[in-house]
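Residue numbers for the sequence shown follow this note's numbering, so the first one is 100 and each next one is one higher. Report on one structure; see the data block that follows.
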Amino acid sequence: MSNATDAYCVPGATNFNKAYSRLHGYIALVICIVGSATNSINIAVLSRREMTSPTNSILTGLAVADLLVMLEYIPYALHMNIKIGPQVNKNTYAWAVFVYFHSIFSQTFHTISIWLAVTLAVWRYIAIAYPQRNSTWCNKKNTTLAIVSAYVICPFLCLPIYFAMNIVPSEVTAQNNSEFAEDLSLPDNRTVYVLEMSRNVQLVTAIMWIYSVILKLVPSLALSVLSTCLISKLTTTERKRQKLLKRSTIGPNEPEKQCLATEEACARRSSRTDRTTRMLLAVLGLFLSTEVPQGLLGLASALAPDFFKSCYSMFGDLMDVLALFTSSVNFVLYCSMSRQFRTNYAGHRATLAPNTRPHQGGRREYYINNDTGTIALYNFDSIVHKHK
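This is how it looks when you write it as structure tokens:
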């Protein structure tokens with residue numbers, strides 16, 4: 100196996116796989132637990148009434164898909180990668196069915212996330228390139244239709260994966276199967292069930308083409324093109340803003356001041372749009388960093404059938420954990436790059452705190468703890484805690 104791997108893959112791939120596989124379960128488990136919590140917060144904050152917008156609706160749909168992937172991956176990581184009981188007990192028919200289900204479920208909802216990211220990029224491009232038509236093209240009805248379409252169509256796109264694998268029974272003893280030997284202390288032979296790729300080479304090759312091109316490379320190409328367009332628009336907008344700043348420092352006459360005031364107001368609104376776009380570009384960049392390598396490896400597997408077993412499988416766990424990490428860090432991006440998200444997250448935390456009552460004044464909102472007298476104050480920029 101090592102010689103075949105070296106022929107199709109990078110040197111040391113087998114050793115890397117053996118070393119990393121011991122850590123993968125624990126790393127994936129931590130990421131999934133943290134990611135489940137952060138995506139739950141994303142859903143709670145983005146679905147608040149004051150956060151209602153087409154962009155936030157798509158981000159909510161994306162967070163739901165990511166949350167489902169992580170919740171389902173927790174039992175999979177515990178079962179496959181963390182040694183709890185005898186290995187032979189992990190290969191019952193019921194567990195084989197679960198692993199079969201996992202391979203389809205995780206890919207389906209990850210594909211939903213990818214296409215929602217593409218939808219998000221399209222919506223943002225329309226918002227900055229055609230602002231006068233944004234409210235018509237990207238209204239609530241069209242946004243809901245786009246989200247529902249992703250959740251309905253993507254399962255059909257992933258359906259071929261169902262035919263790529265088979266559950267195969269195998270008789271094992273301590274003498275004839277080294278994979279289970281260290282965990283077998285049974286007097287009798289046992290039948291275990293494992294998931295194997297179909298032996299129909301033409302079928303597997305066709306499925307690899309679908310996986311690599313339709314599920315990975317096509318959305319990656321779309322994200323790349325849209326991200327480039329967004330960056331180009333941001334650059335153009337920044338140039339216009341700099342020109343406005345230069346004009347405002349020259350000292351215009353009264354009529355020009357009125358025109359500049361209007362232009363500066365538009366520039367401020369444009370600045371808010373730019374901040375949102377930069378945040379979404381970071382989200383799209385994370386998707387590309389994981390989807391492009393998977394797509395290229397899948398394409399290599401379609402072109403060379405032995406590549407999947409000899410090389411792709413060596414990095415399967417690493418690809419999984421990178422995808423999980425990408426799905427878990429959106430909360431950090433939202434908090435660091437979106438003032439509106441931070442504001443509403445603070446409000447959400449305050450409403451969940453016991454013995455608090457909201458008080459509004461001007462553009463600020465206060466939450467007073469009746470027991471301690473602590474005032475939690477948040478405005479558009481930060482959260483400040485002080486005592487009476």
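We put the CB at the ideal spot given by N, CA and C, even for glycine.
To the nearest angstrom, how far is the alpha carbon of residue i from that of residue j?
i    : j    : result
R232 : A220 : 16 Å
G397 : K339 : 43 Å
K117 : A228 : 49 Å
V303 : M296 : 8 Å
I173 : Q341 : 49 Å
F208 : A112 : 29 Å
S431 : L170 : Going by the sequence as given, residue 431 is Val instead of Ser. Those two C-alpha atoms are separated by around 19 Å.
F255 : Y261 : 11 Å
T242 : I142 : 17 Å
A263 : I157 : 31 Å
N190 : L379 : 42 Å
R488 : S248 : Nothing in the structure corresponds to residue 488, since the chain is present only between 100 and 487.
L128 : F200 : 19 Å
L314 : I213 : 8 Å
Q206 : K332 : 33 Å
D419 : L343 : 47 Å
C410 : C108 : 5 Å
S326 : T336 : 15 Å
Q393 : S311 : 7 Å
F440 : Y292 : 47 Å
V300 : F406 : 12 Å
S270 : A195 : Checking the sequence shown, residue 270 turns out to be Glu, not Ser. About 15 Å.
T151 : R298 : 50 Å
M179 : G124 : 8 Å
T425 : Y119 : 19 Å
Y224 : T218 : 10 Å
Could you check what DSSP says for residue i in three-state terms: helix, strand or coil?
i    : result
V300 : helix
I181 : coil
P110 : coil
R289 : strand
L283 : Below a pLDDT of 50, predicted positions are generally treated as unreliable, and L283, at 47, falls in that range; the measurement from the model is reported next regardless. Correct three-state label for L283: coil.
S146 : coil
Y466 : Since pLDDT at Y466 reaches only 38, below the 50 mark, its modelled position is unreliable, and the value read off the structure follows with that caveat. Strand, per DSSP.
Going by DSSP, what residue range makes up the beta strand (DSSP E) through residue i?
i    : result
V198 : Run containing V198: none in the beta strand (DSSP E); it sits in the alpha helix (DSSP H), Y192 to A228.
P254 : P254 -> not in any beta strand (DSSP E); alpha helix (DSSP H) instead, spanning K239 to L256.
V267 : M264 to V271
Could you check how far apart the C-beta atoms of residue i and residue j are, in whole angstroms? I think they sit under 8 Å.
i    : j    : result
A401 : M307 : 4 Å
I126 : A164 : In fact, because the Cβ distance is near 21 Å, the residues do not count as touching under 8 Å.
S427 : I140 : S427 to I140, Cβ: 11 Å. No contact.
L161 : A216 : 7 Å
K239 : P153 : 7 Å
I203 : P259 : About 10 Å separates the two Cβ atoms, so there is no contact after all.
L387 : S323 : 7 Å
Kindly indicate the opening and closing residues of the alpha helix (DSSP H) around residue i.
i    : result
S409 : D405 to S409
Is any heavy atom in the ligand MN found nearer than 7 Å to the beta carbon of residue i?
i    : result
I330 : For the ligand MN, the structure offers nothing, since it holds no ligand at all.
Run through the segment 417–449 for me and flag every whole alpha helix (DSSP H) of 4 or more residues, listed as ranges in chain order. Here the runs fully enclosed are 429–436.
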